[in-house]
Amino acid sequence: MKELINWLADPIRSFPITTVLFFFMMKYYRVVGSKKFAKWALIAAAPITVWFCMDANFRAIILWPDNIPINIIIVLIAWLTWYALYRAAENDKRIENGECPIEALPENREKVWVWPNLVFTELMCMIGTTIFLVVWAIIFKAPLEEPANTTWAPNPAKAPWYFLGLQEMLVYFDPWMAGVVLPGLILVGLIAIPYIDTNPKGNGYFTIKERPIAMWGFLYGWIVLWMYLIIVGTFLRGPNWTFYGPFEFWDFHKVVSEYNVNLSEFVWLKWLNTPMPSNIVVREIVGIILTLGYCCVLPVAIAKSKYGKKIIESTGQIRYYIFIILVLGMTSLPIKMVLRWLFSLKYIIALPEWELNL
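Numbered as in my numbering, the sequence shown ends at 540 without a single skipped number.
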């Protein structure tokens with residue numbers, strides 16, 4: 183069983199599984215967001231967690247001082263995600279029955295004074311947080327290491343947990359793309375959601391049925407494309423930045439041979455069995471055509487489809503093209519991930535002469 187879990191944990195399999203589970207979670211959110219589902223999920227998770235923790239390798243990973251806060255974050259995200267689905271399911275049922283959302287009930291719309299209600303609550307939170315941090319500092323030792331040494335680097339050298347998603351993206355994209363462009367698209371996309379999706383419904387209350395595009399897009403980017411990468415970078419990336427299963431020993435002597443093959447090398451050397459052209463544009467022409475088709479032709483083709491016409495009717499053409507470019511930018515990450523895992527494909531366009539690699 184442990185060998186099967188280690189095999190499934192490999193991103194080439196765990197990423198599609200995560201995507202499929204996300205689809206079913208959103209499609210059947212009324213089932214997932216029910217108290218009955220939560221109860222049985224906790225009942226099933228308790229013995230599984232105990233069984234996982236009985237493995238020495240798994241305990242060594244999750245009890246590493248740097249990883250304990252991430253464990254807490256994962257539990258909190260799971261709880262908050264379920265709670266959001268629960269509230270959305272309840273509100274959607276009420277709206278279908280002609281009732282107002284829970285947040286619009288008179289008792290929930292009652293206003294209170296900042297003093298003492300809000301200030302007192304904030305004070306209690308500050309005291310509770312201080313107590314928690316003091317107890318934390320007593321129980322767990324700070325993961326401090328020796329002073330920085332320019333001749334030695336830790337293996338694996340990992341960024342702080344909040345940058346592990348970016349560090350994982352560096353495996354699939356050039357630094358300027360993974361460190362600047364994609365994070366910028368994420369920030370711009372999150373900011374632009376309320377302006378692109380002009381649907382006035384869903385403001386101030388939980389719902390999925392009335393704001394499907396915003397909810398599906400945001401949660402997929404947050405859970406599947408961001409939290410998944412953090413979990414992979416934290417628990418599945420071991421020495422030499424190699425993948426390890428949750429029950430696998432982190433062997434510093436383990437070496438996995440991986441190849442970096444660009445699309446132009448596939449085209450000219452493997453498929454056409456000819457030398458690489460000396461002209462760099464001709465060399466990368468296939469990748470350039472595919473990239474232009476993905477960024478320029480595909481949005482127009484989608485606009486002519488039934489789904490695209492529906493979006494244009496509700497948002498307008500300008501908002502549609504902004505939305506579709508952001509979506510294509512987001513989906514470029516899983517596309518590159520899959521191509522990397524299946525074919526060791528590094529770059530679709532490799533122009534180091536121009537410092538342009540995609």
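For glycine and all other residues, C-beta sits at the position ideal for the given N, C-alpha and C.
Distance between beta carbons of residue j and residue i, contact taken as under 8 Å
| i | j | result |
| --- | --- | --- |
| Glu350 | Gly415 | 5 Å |
| Leu245 | Met359 | That belief does not hold up - the Cβ atoms of Leu245 and Met359 are roughly 35 Å apart, past 8 Å. |
| Asp237 | Lys184 | 7 Å |
| Trp408 | Gly361 | In fact, because the Cβ distance is near 15 Å, the residues do not count as touching under 8 Å. |
| Trp523 | Ile252 | 24 Å between Cβ atoms; not a contact. |
| Ala374 | Ile500 | Ala374 to Ile500, Cβ: 12 Å. No contact. |
| Tyr344 | Ala271 | Contact flag wrong, Cβ pair sits at about 30 Å. |
| Tyr354 | Met519 | 6 Å |
Residue i vs residue j beta-carbon contact at 8 Å
| i | j | result |
| --- | --- | --- |
| Leu538 | Ile531 | yes |
| Asn299 | Ile284 | no |
| Leu527 | Leu521 | yes |
| Pro459 | Trp450 | yes |
| Phe447 | Leu533 | The sequence given here has Glu at residue 447, not Phe. It is not a contact, given that the beta carbons lie outside the stated cut-off. |
| Trp264 | Ala228 | no |
| Ile255 | Phe417 | no |
| Pro481 | Ile506 | yes |
| Asp192 | Phe425 | yes |
| Glu535 | Ile470 | no |
| Leu445 | Val468 | yes |
| Tyr377 | Ala286 | no |
Pairwise C-alpha distance: residue j and residue i
| i | j | result |
| --- | --- | --- |
| Arg269 | Leu401 | 15 Å |
| Pro338 | Arg419 | 8 Å |
| Leu510 | Lys436 | 37 Å |
| Ile321 | Ile250 | 12 Å |
| Trp334 | Phe240 | 27 Å |
| Val479 | Leu190 | 36 Å |
| Leu508 | Ile412 | 21 Å |
| Met308 | Thr231 | 31 Å |
| Leu305 | Ile390 | 34 Å |
| Arg276 | Leu262 | 21 Å |
| Leu364 | Gly403 | 12 Å |
| Lys492 | Cys282 | 27 Å |
| Trp222 | Ser216 | 10 Å |
| Glu278 | Thr303 | 35 Å |
| Tyr502 | Lys488 | 13 Å |
| Leu372 | Gly366 | 10 Å |
| Pro357 | Leu369 | 17 Å |
| Leu203 | Lys209 | 10 Å |
| Ala341 | Ala226 | 33 Å |
| Trp398 | Cys477 | 22 Å |
| Thr497 | Gly280 | 26 Å |
| Glu289 | Trp295 | 15 Å |
| Pro198 | Val301 | 46 Å |
| Tyr441 | Trp318 | 43 Å |
Proximal residues to residue i (C-beta, below 6 Å), its chain only, five neighbours per side dropped
| i | result |
| --- | --- |
| Asn188 | Gly427, Phe429 and Glu430 |
| Val214 | Met207 and Leu267 |
| Glu392 | Lys383 and Gly384 |
| Ile395 | Asp379 |
| Val438 | Thr424 |
Residues near residue i in its chain [Cβ-Cβ closer than 7 Å; skip 5 each side]
| i | result |
| --- | --- |
| Ile313 | none |
| Trp423 | Pro338 |
| Thr200 | Val406 and Tyr410 |
| Ser196 | Leu190 |
| Trp432 | Gly420, Pro421 and Tyr426 |
Continuous alpha helix (DSSP H) stretch holding residue i: start and end
| i | result |
| --- | --- |
| Ser496 | Lys488 to Thr497 |
| Asn253 | Ile250 to Glu278 |
| Lys209 | Pro193 to Lys209 |
| Pro229 | Lys217 to Cys235 |
| Gly310 | Val301 to Ile321 |
| Pro394 | Pro394 to Leu401 |
| Met351 | Leu346 to Met351 |
| Asn337 | Run containing Asn337: none; DSSP gives neither H nor E here. |
| Phe240 | Ala238 to Ile244 |
| Leu367 | Leu364 to Ile378 |
| Leu480 | Leu480 to Ala485 |
| Leu411 | Tyr410 to Ile413 |
| Leu474 | Ile467 to Leu474 |
Beta-carbon contacts of residue i that lie in its chain and below 8 Å, excluding the five residues immediately before and after
| i | result |
| --- | --- |
| Cys235 | Arg241 and Ile244 |
| Ile484 | Gly490 and Ile506 |
| Pro336 | Glu327 |
Distance cut-off 7 Å: residue i Cβ against heavy atoms of the ligand MN
| i | result |
| --- | --- |
| Ile504 | The ligand MN is not part of this structure, which contains no ligands at all. |
Closer than 8 Å to chain C by CB, residue i
| i | result |
| --- | --- |
| Val520 | The structure shown has no chain C; it contains just one protein chain. |
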